[in-house]
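Mapping the sequence shown onto my numbering, position 10 (from 1) lands on 17, and the numbers just tick up by one.
Cβ atoms here follow ideal geometry from the backbone N, Cα and C, with glycine treated the same way.
These figures come from a predicted structure and were not determined experimentally.
Here is the structure we will look at.
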Amino acid sequence: MGTRPRHRPERLGEKLLEIRNALGLSQSELLKRLEADEDLAFTASLEYESDKREPPLWLLLAYGARCGLSTSKTLSTTTWICPTNFPATSTTAASTQAPPRRR
């Protein structure tokens, strides 16, 4: 193994917080939606959102599967997720209209 530190996606914690806020969920509600409430402690999501810890790959994949968001958008340093282009998967997010799709 090398001695250089592993690359970490920039602003990942901010993005995870933005996703949760766009869905209108508490941290415990999000963990339930991701089916991670039995595997992760409530404090783990706080640490992920504040960039104190990096979430495991299976959790990032669960964001995509359960929240309708691609993992590449979540990890991208150039793509910023905002409620106007976030999929409406809850009553709170549904109140924000999504842009029309191009045909």
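Item, Value
"So Ile26 and Tyr70 are in contact, right, with Cβ under 8 Å, and what is the actual spacing, rounded?", "7 Å"
"Excluding sequence positions up to five away, which residues of its chain have a Cβ less than 8 Å from the Cβ of Leu82?", "Pro16, Leu19, Leu67"
"Please report how far the alpha carbon of Pro106 lies from the alpha carbon of Arg60, in whole angstroms.", "Note on Pro106: pLDDT 34, under 50, position unreliable in the model; no value is reported."
"I need the boundaries of the alpha helix (DSSP H) containing Thr10, first residue and last residue.", "Neither: Thr10 is in no alpha helix (DSSP H) and is coded neither H nor E."
"Helix or strand or just coil, what does DSSP make of Ser33?", "coil"
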